[in-house]
RNA sequence: GGCGCCGUCGCCAAGAGGUAAGGCAAGGGUCUGCAAAACCCUCAUCGUCGGUUCGAGUCCGACCGGUGCCUCCA
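Numbering (the working numbering), first residue to last: 28 to 529.
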């Protein structure tokens, strides 16, 4: 039985959907005005894992995430750069999508944009005004918080407390400092849409109510986002939506992911302590970053540091290497010990129990270590059939965690790999004993063939016990990320990431 | 000031009343010409002080330290 931590009830609630077999989920997306950082990546990955597990459980998942493509920051930025606001927003929306593609986040059902849902937004604001929940003043239409009796139920605050903490008001016409803008009247030079209140644009919170209600309907299952959105964003969404529909709940389960922090401070643009996904992806494979992001419970803060990322890289390599061995065994058609069915079943059970406990990916990772420890320790005795059985389970686990490349051999690392190899050859030619042999290699061949010839030459030296030469060759290759592994069967190579790149 | 969260081995991190998962690092082995990889072994009583309980990282209280939200933010 799946249990999820619900911010509204502050409890691990049993997950029951509105409709049988279907999950409707809305996750607050980004305001695309700059490069997305790893915190945005974490949110995307977290809800992607949740999405994937729900599908594993047999649900059909209707998952959407918005782009808030009109707001103060976008207007300010586009004015600074002298570009059209929509072009700016679409540029960064595209970068965001590219980045999370690299993290192997599934594309969602829909990515609605605020500016493309103006009709629905106006309809809701108008309705709230008609029902007496909203009022118009000189600079816009505001939601009257005191009219909504349950205001504060999500963030667990009282209106009185909030009022004490409220900042000095900009517009004295507001009835209450807590009232927030549903619709902002246009200032000169700002993008604007026609409305019953003249030219203007949506306030910050209304677009999420409009898009979620439009595409998912009232009372949908999951609403997610960063925990910094609990107040005021999600609190206001509830107030708007439940007042508008006249029904509750607007959302059945409120899920919130923890922030990424750096040196214990929240990663944010204003503190300038952020790492963009684009820069991290230059140094680390997207799946390594993904693994790093799911090593800790999704609702806890994640303290970002390179050392932990490096640890994730090692763990990823271990999974990868172990899976390759298992695949080789599975394809070998080799007789051997059969794994007890009970073992597989127990692993499957602990996988599901972990995920059922509010998506405990950390425990799933521990399980993966257990499985691979077993397969590695028994790789010589196990039958191919057993390997296939283990692989079947791993396929499910990896598909839920969102790893598509574990077990693939990396054939070439990047485009400059051949250049690197030629550099190695050049360096090795400084050794007179090697020069002649290496010059026989045809440099017009592809990188894998060249590499193979180098390894063959080294093999000859090893046979003659010329370990000085073979060690020299091994060291040179290691510098470009080629690690040689000698065994009785011959020399295998694998490609690993180096500091300079993948 | 209000509402929260967190403090578990050098580091990362599960566990949430029944006697401390996992990973990285470290040390010792097996294997290897040496490595690498893999495997085996070793490695914590849970911020402090009280309380509840047969039994507490796990519940309650106080305190110490850190941090989030209350303003835009995944």
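Positions of the beta carbon are idealized from the N, C-alpha and C atoms, including for glycine.
Please read all numbers here as calculations on a predicted model, not as lab measurements.
Thinking C-beta only, is residue j closer than 7 Å to residue i?
{"i": "residue 72", "j": "residue 317", "result": "yes"}
{"i": "residue 363", "j": "residue 409", "result": "yes"}
{"i": "residue 68", "j": "residue 130", "result": "yes"}
{"i": "residue 268", "j": "residue 277", "result": "yes"}
{"i": "residue 444", "j": "residue 419", "result": "no"}
{"i": "residue 286", "j": "residue 293", "result": "yes"}
{"i": "residue 448", "j": "residue 503", "result": "no"}
{"i": "residue 139", "j": "residue 93", "result": "yes"}
{"i": "residue 386", "j": "residue 77", "result": "yes"}
{"i": "residue 281", "j": "residue 33", "result": "yes"}
{"i": "residue 141", "j": "residue 97", "result": "yes"}
{"i": "residue 207", "j": "residue 170", "result": "yes"}
{"i": "residue 241", "j": "residue 166", "result": "no"}
{"i": "residue 243", "j": "residue 152", "result": "no"}
{"i": "residue 229", "j": "residue 323", "result": "no"}
{"i": "residue 239", "j": "residue 53", "result": "yes"}
{"i": "residue 477", "j": "residue 465", "result": "no"}
{"i": "residue 450", "j": "residue 406", "result": "no"}
{"i": "residue 404", "j": "residue 357", "result": "no"}
{"i": "residue 251", "j": "residue 74", "result": "yes"}
{"i": "residue 382", "j": "residue 86", "result": "no"}
{"i": "residue 328", "j": "residue 288", "result": "yes"}
{"i": "residue 306", "j": "residue 224", "result": "no"}
{"i": "residue 325", "j": "residue 339", "result": "no"}
Since residue i and residue j are thought to touch, with beta carbons under 8 Å apart, how far apart are those beta carbons, to the nearest angstrom?
{"i": "residue 264", "j": "residue 236", "result": "5 Å"}
{"i": "residue 260", "j": "residue 283", "result": "With 8 Å as the limit, residue 260 and residue 283 do not qualify as a contact, their Cβ atoms being about 11 Å apart."}
{"i": "residue 101", "j": "residue 120", "result": "Their Cβ separation, rounded to whole angstroms, is 11 Å, which puts residue 101 and residue 120 out of contact at 8 Å."}
{"i": "residue 488", "j": "residue 481", "result": "Between residue 481 and residue 488 the Cβ distance is about 11 Å, and since that is not below 8 Å, they are no contact."}
{"i": "residue 598", "j": "residue 412", "result": "Nothing can be reported for residue 598, as the shown portion of the chain is limited to 28 through 529."}
{"i": "residue 135", "j": "residue 90", "result": "5 Å"}
{"i": "residue 350", "j": "residue 421", "result": "7 Å"}
{"i": "residue 45", "j": "residue 246", "result": "5 Å"}
{"i": "residue 321", "j": "residue 50", "result": "Incorrect: roughly 20 Å between the Cβ atoms, too far for contact."}
Within 10 angstroms of its Cβ, does residue i collect 16 or more other Cβ (buried), or is it exposed?
{"i": "residue 431", "result": "exposed"}
{"i": "residue 199", "result": "exposed"}
{"i": "residue 216", "result": "exposed"}
{"i": "residue 35", "result": "buried"}
{"i": "residue 378", "result": "buried"}
{"i": "residue 112", "result": "buried"}
{"i": "residue 25", "result": "Residue 25 lies beyond the residue range present for the chain, which begins at 28 and ends at 529; the question has no answer from this structure."}
{"i": "residue 514", "result": "exposed"}
{"i": "residue 494", "result": "exposed"}
{"i": "residue 402", "result": "buried"}
Using DSSP with H/G/I as helix, E/B as strand and the rest coil, what is residue i?
{"i": "residue 161", "result": "strand"}
{"i": "residue 137", "result": "strand"}
{"i": "residue 152", "result": "helix"}
{"i": "residue 208", "result": "strand"}
{"i": "residue 523", "result": "coil"}
{"i": "residue 31", "result": "strand"}
{"i": "residue 368", "result": "helix"}
{"i": "residue 376", "result": "helix"}
{"i": "residue 229", "result": "strand"}
{"i": "residue 202", "result": "coil"}
{"i": "residue 528", "result": "Its pLDDT being 40, under 50, residue 528 is placed unreliably by the model, and the measurement read from it follows with that caveat. Strand."}
{"i": "residue 298", "result": "coil"}
{"i": "residue 181", "result": "coil"}
{"i": "residue 422", "result": "helix"}
{"i": "residue 214", "result": "coil"}
{"i": "residue 334", "result": "helix"}
{"i": "residue 167", "result": "strand"}
{"i": "residue 408", "result": "coil"}
{"i": "residue 38", "result": "strand"}
{"i": "residue 384", "result": "strand"}
{"i": "residue 325", "result": "coil"}
{"i": "residue 457", "result": "coil"}
Considering only residues of the region 460-526, which uninterrupted alpha helix (DSSP H) runs meet the minimum length of 4 residues and lie entirely inside it, listed in chain order? 474-490 and 494-506
Where in the region 66-146 do unbroken runs of the beta strand (DSSP E), each at least 3 residues long, occur, reported from the N-terminal end onward? 87-94
Uninterrupted alpha helix (DSSP H) stretches inside the region 230-308 (no shorter than 4 residues): 233-243 and 262-272
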